[in-house]
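So the structure is just underneath, and the comments pick up after that.
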Amino acid sequence: MTGLVTVLGSGAMTNTINGIIESDVMLVIGSNTTETHPIIGLRMLTAAKKGSKLLVADPRRIKLCDSATLWMQQRPGTDGALIHALCHVILREGLEDAAFIEAHTENFAAFKDSVAQCTPEWAEKISQVPASVIEEAARIFASAEKAGIYYTMGITQHTSGTDNVCALANLALITGNLGKPGAGLNPLRGQNNVQGASDMGCNPTYFPGYQRFDDEAAREKFSQIWGTPVSGRPGLMATEMPAAITEGKLAGLWIMGENPILSDPNSDHARKAFEQLEFLVVQDIFLTETAELADVVLPAASFAEKDGTFTNTERKVQRVRRAVPPRGEARDDLSIINMVSKRMLGSQGGYAGPVDPLYHTVAPLAADVFAEITTCWQAMAGMSYDRLEQGALTWPCPEADHPGTPILHTQGIVRGKGLLSALTWSGPEEIPDEEYPLILTTGRVLYQYHTGTMTRRSPVLEGAAPSAYVEMNPEDATALDLEDGNEVQASSRRGAIRLPVRITDRVRKGLVFIPFHYKEAAANLLTNDALDPQCKIAEAKVCAVKVEKIAAENAAISLN
Ligand SMILES: Nc1nc2c(c(=O)[nH]1)N[C@H]1C(S)=C(S)[C@@H](COP(=O)(O)OP(=O)(O)OC[C@H]3O[C@@H](n4cnc5c(=O)[nH]c(N)nc54)[C@H](O)[C@@H]3O)O[C@H]1N2
Ligand SMILES: Nc1nc2c(c(=O)[nH]1)N[C@H]1C(S)=C(S)[C@@H](COP(=O)(O)OP(=O)(O)OC[C@H]3O[C@@H](n4cnc5c(=O)[nH]c(N)nc54)[C@H](O)[C@@H]3O)O[C@H]1N2
Ligand SMILES: [Mo]
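In terms of the working numbering, the sequence shown is residues 1 to 560.
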């Protein structure tokens, strides 16, 4: 862990979930927290009740707006302009934390230049947020003693995703909101263990612990630990793989716990690519749409059937213990990997120990792997299963008697100086035109999880949110002669789906929203797979679509 940028790159919260209660101001931007992180959402609502001012920036009227002091309803894909303007106002009115900037940041002059032209009036034209609202939000944010920033996919799933995150880091830095409770820069991670996966190097350019593939010393270290030379070549990001397959650069794939046929933007393109693979292995707890394309399916055990640790969004490492044995031929993921690597390496040193008769686990076990992790990364060097028995530990935890570090940067910025970025705003890759006049944004609902492999098997959850819909503003609906519940066709340059319209002023004129959980009306047939040039995330939050009414008799036929 070498610096702020690395820590930002790791995308962990700098602060704690419980600390939200202590904040004076919360800026929630691009996060539908009450639906997608309900427990964290509850903390926010409690904080708001206790007097913390809530600033919400979201193109849709999400539930948090009901408790907000201010709601900035930006046009999707314009966050960069909005955040630059917030910084502009703070500097123009002298509301910045000059002492913090002086002591803890670098590149201030270039950053200041970069926002000099980003007036609230300029940002209003781009984002549709009134200049006066931007000014008021900037004043509320900057005058707080403790202001926390909370963001998720509304910020990152753009071709400008990395720039958006850097812009938020600028805002936190110039107001001195790092290294104290109730503040910080807080990406709320999506899955139970996505943080652990990133920490362990599930990324084509990192070894475990954010040690880069092109760092000689790191390569040497991992060659030693793993007893085999490690590659100095970067891999591909998952989002780059469909194109690599089509270009003939990738022939085989082993997919574990993902269902990209439904979750990849421009999924028809992804499907065609996967169909071209010479060899596809899918390891999943269910026979998914992706598994149906596989040459080999490896049935995996679920979280409740295995041992290990999960690292949550606030960097807290917690023990998970299996509650029940896996069913049928299912095996826990680690045992499957052990068995396959033993077959691959054979006499060259692969090891897969005896099979446990009850749980079917194959050594090395999760506990052995954890012990190795503590030798790979200083930030977890002080952890052990014994310590975790007593309770969770938060990294960095470098020594066996170290209590863990719930809040980062309390002793100054970890990388030395916080880097202020000079950025220029650039909009989404695809914008509406005559043929596709509406902006489509996509996301989640409380009761469903991603491609629905798990939640759609639960009658209670499925009953609560059983089908797809497209949210549309009443003005757009009237122009298309639509009534609530009418069947429509939504199409983009990449595909078309049919689904009912939900007429609501949650969205502004010109914007529609479709949840991406439903395979029968898969939003990702429409979305754009344009990538952020730096982190390679796809622009799932903005593309251009048209919506057309389907005549009643055709709608009826389509139901058959
Ligand atoms: N119930 C449920 N919870 C989940 C998940 C799930 O599938 N279901 N998935 C988990 C995972 S992996 C993740 S990553 C998280 C995601 O959690 P979130 O990011 O909160 O979820 P989304 O619904 O994708 O999008 C969040 C918000 O972004 C807004 N938005 C759209 N376009 C823009 C834009 O251009 N700018 C801004 N600022 N906002 C925009 C949307 O209106 C929406 O309110 O949720 C996690 N939690
Ligand atoms: N349009 C649009 N597209 C999006 C997004 C969006 O906001 N809009 N969000 C994106 C984001 S942030 C995310 S995270 C992705 C999610 O995309 P995916 O990860 O592809 O979606 P899931 O449905 O969560 O798929 C996870 C799979 O893992 C399986 N599984 C569950 N537990 C285990 C286990 O213990 N072991 C194994 N081997 N398998 C298991 C499940 O059955 C499921 O098939 O979607 C992305 N796609
Ligand atoms: Mo996610």
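C-beta: ideal position from N, C-alpha, C; glycine also. Remember, it's a predicted structure, so these values are computed and weren't measured experimentally.
Query raised in the report: How would you write the range of the beta strand (DSSP E) that D532 sits in, first residue to last?
Result: Residue mapping note: residue 532 aligns to position 532 of the sequence shown, counting from 1. First-last for D532: undefined, no H or E at that position.
Report task. Buried or exposed for S231, please, with buried defined as at least 16 other CB atoms from any protein chain shown within 10 angstroms of its CB. Result -> Start at 1 with the first residue of the sequence shown, and residue 231 comes out as number 231. Exposed, since its Cβ has fewer than 16 Cβ neighbours within 10 Å.
Query raised in the report: Under the three-state reduction of DSSP, which class applies to C65: helix, strand or coil?
Result: Within the sequence shown, numbered from 1, the residue matching residue 65 stands at position 65. Here C65 sits in helix by DSSP.
Query raised in the report: Which same chain residues, not among the five before or five after T527, have their C-beta less than 7 Å away from its C-beta?
Result: Taking the first residue of the sequence shown as 1, we reach residue 527 at position 527. Only P265, N266, T442, A540 and C543 meet the Cβ criterion.
Query raised in the report: Is it the case that the Cβ atoms of H158 and C118 are separated by a distance below 8 Å?
Result: Taking the sequence shown and counting its residues from 1, the one referred to as residue 158 is at position 158. Taking the sequence shown and counting its residues from 1, the one referred to as residue 118 is at position 118. No, Cβ-Cβ distance for H158 and C118 is not below 8 Å.
Query - Euclidean distance between Cα positions of P565 and E305 - result: Past the boundaries of the shown model lies residue 565; the chain is included only from 1 to 560, so the question cannot be answered.
Query raised in the report: In the DSSP assignment, what residue or residues form a beta bridge with D284?
Result: In the sequence shown, counting from the first residue as 1, residue 284 sits at position 284. D284 pairs with P299.
Report task. For L293, name the three-state secondary structure that DSSP assigns. Result -> Indexing the sequence shown from 1 puts residue 293 at position 293. DSSP places L293 in helix when its eight states are reduced to three.
Query raised in the report: According to DSSP, is K49 helix, strand or coil?
Result: Along the sequence shown, one-based indexing puts residue 49 at 49. Looking at K49 - three-state DSSP - the assignment turns out to be helix.
Report task. Give the range of the beta strand (DSSP E) segment to which Q318 is assigned. Result -> Counting from one through the sequence shown, the residue named residue 318 turns up at place 318. Start and end: K316 to V320.
Query - Which listed residue (G41, L293, W425 and K180) has its alpha carbon closest to that of K146 - result: Residue 146 sits at position 146 when you count from the first residue of the sequence shown. Measuring from the Cα of K146, the nearest candidate turns out to be K180.
Query raised in the report: So what's A137 in DSSP terms, helix, strand or just coil?
Result: One-based indexing of the sequence shown puts residue 137 at position 137. Helix.
Query - Assigned exposure category for Y206 - 16 Cβ within 10 Å defines buried - result: The sequence position of residue 206 within the sequence shown is 206, counting from 1. Buried, by the Cβ-count rule.
Query raised in the report: Is N18 buried or exposed, if buried means 16 or more other CB atoms sit within 10 Å of its CB?
Result: Numbered from 1 along the sequence shown, position 18 holds the residue referred to as residue 18. It is exposed - the Cβ of N18 has fewer than 16 other Cβ atoms within 10 Å.
Report task. Answer with buried or exposed for L345, where buried requires no fewer than 16 other C-beta atoms within 10 angstroms of its C-beta. Result -> As a first step, residue 345 must be located in the sequence shown, where it is residue number 345. Exposed.
Query raised in the report: Between E471, W425 and I29, which lies nearest to N186 when the distance is taken from Cα to Cα?
Result: Reading the sequence shown from its first residue, position 186 is the one you call residue 186. For the residues E471, W425 and I29, the minimum Cα distance to N186 belongs to I29.
Query raised in the report: Taking contact to mean at least 3 C-beta pairs separated by less than 8 Å, is the segment 484-497 in contact with the segment 210-230?
Result: no
Query raised in the report: Helix, strand or coil: which one does DSSP assign to P38?
Result: The count along the sequence shown starts at 1 and reaches residue 38 at position 38. Residue state, collapsed to three classes: helix.
Query raised in the report: Hey, would you say I439 sits closer than 8 Å to L511, going by beta carbons?
Result: As a working note, residue 439 is residue 439 in the sequence shown. As a working note, residue 511 is residue 511 in the sequence shown. Yes, the pair counts as a contact, with Cβ atoms nearer than the cut-off.
Requested in this report: Could you have a look at E220 and say whether DSSP puts it in helix, strand or coil?
Outcome: The residue labelled residue 220 in the question sits at position 220 within the sequence shown. Correct three-state label for E220: helix.
**Report entry** Proximity of A468 and E429 at Cβ, strictly below 8 Å
**Finding:** Position 468 of the sequence shown holds residue 468. Position 429 of the sequence shown holds residue 429. No, Cβ-Cβ distance for A468 and E429 is not below 8 Å.
Report task. May I ask which residues mark the beginning and end of the beta strand (DSSP E) holding L438? Result -> Within the sequence shown, the letter at position 438 stands for residue 438. Per DSSP, L438 belongs to the beta strand (DSSP E) from L438 to G443.
**Report entry** Assumed close pair L482, I503 - CB separation to whole angstroms, cut-off 8 Å
**Finding:** Indexing the sequence shown from 1 puts residue 482 at position 482. Indexing the sequence shown from 1 puts residue 503 at position 503. At roughly 7 Å, the Cβ-Cβ gap stays under 8 Å, so L482 and I503 are in contact.
Query - Beta-carbon proximity check, L499 vs V545, cutoff 8 Å - result: Counted from its first residue, the sequence shown places residue 499 at position 499. Counted from its first residue, the sequence shown places residue 545 at position 545. Not a contact, by the Cβ cut-off of 8 Å.
Query - Beta carbon of T451 nearer than 8 Å to that of N259 - result: Stepping through the sequence shown from its first residue, residue 451 is reached at position 451. Stepping through the sequence shown from its first residue, residue 259 is reached at position 259. Yes. Within cutoff.
Query raised in the report: For the putative contact between I20 and G148, defined by C-beta atoms under 8 Å, what is the C-beta separation to the nearest angstrom?
Result: For the purposes of this step, residue 20 is identified with residue 20 of the sequence shown, where counting begins at 1. For the purposes of this step, residue 148 is identified with residue 148 of the sequence shown, where counting begins at 1. Yes, they are in contact, since the Cβ atoms of I20 and G148 sit about 6 Å apart, within 8 Å.
Query raised in the report: Taking just the CA atoms, how far does E548 sit from L585?
Result: Residue 585 lies beyond the residue range present for the chain, which begins at 1 and ends at 560; the question has no answer from this structure.
Query raised in the report: Going by C-alpha distance, which of G80, F286, C397 and A530 is nearest I155?
Result: Taking the sequence shown and counting its residues from 1, the one referred to as residue 155 is at position 155. Nearest C-alpha to I155: G80.
Report task. Would you identify the three-state DSSP class for V5, choosing helix, strand or coil? Result -> Locating residue 5 in the sequence shown gives position 5, counting from the first residue. Caution is warranted here: a pLDDT of 35 is assigned to V5, below 50, making its placement in the model unreliable, and the coordinate value is therefore given only provisionally. In this structure, V5 counts as helix in the three-state DSSP scheme.
Query raised in the report: Taking just the CA atoms, how far does T311 sit from L393?
Result: Position 393 of the sequence shown holds residue 393. Position 311 of the sequence shown holds residue 311. Each residue's Cα considered, the two are about 9 Å apart.
Requested in this report: Report back the beta-carbon spacing between A48 and L54 to the nearest angstrom; my notes put them in contact at under 8 Å.
Outcome: Counting from one through the sequence shown, the residue named residue 48 turns up at place 48. Counting from one through the sequence shown, the residue named residue 54 turns up at place 54. With a Cβ gap of about 5 Å, A48 and L54 count as contacting.
Query raised in the report: Can you list every residue whose CB sits closer than 7 Å to some heavy atom of ligand 3, going in chain order?
Result: M153, G190, Q191 and V194
Query raised in the report: So does D79 have its beta carbon nearer than 7 Å to some heavy atom of ligand 1?
Result: For the purposes of this step, residue 79 is taken as the residue at position 79 of the sequence shown. At least one heavy atom of ligand 1 is nearer than 7 Å to the Cβ of D79, so yes.
Query raised in the report: Who pairs with V340 in a beta bridge, going by DSSP?
Result: For the purposes of this step, residue 340 is identified with residue 340 of the sequence shown, where counting begins at 1. None; V340 has no bridge partner.
**Report entry** Span of the beta strand (DSSP E) around N170
**Finding:** Locating residue 170 in the sequence shown gives position 170, where the first residue counts as 1. Element bounds for N170: not the beta strand (DSSP E) but the alpha helix (DSSP H), G161 to I174.
Query raised in the report: Within this structure, are the beta carbons of V133 and L70 separated by less than 8 Å?
Result: Stepping through the sequence shown from its first residue, residue 133 is reached at position 133. Stepping through the sequence shown from its first residue, residue 70 is reached at position 70. Contact flag set, yes.
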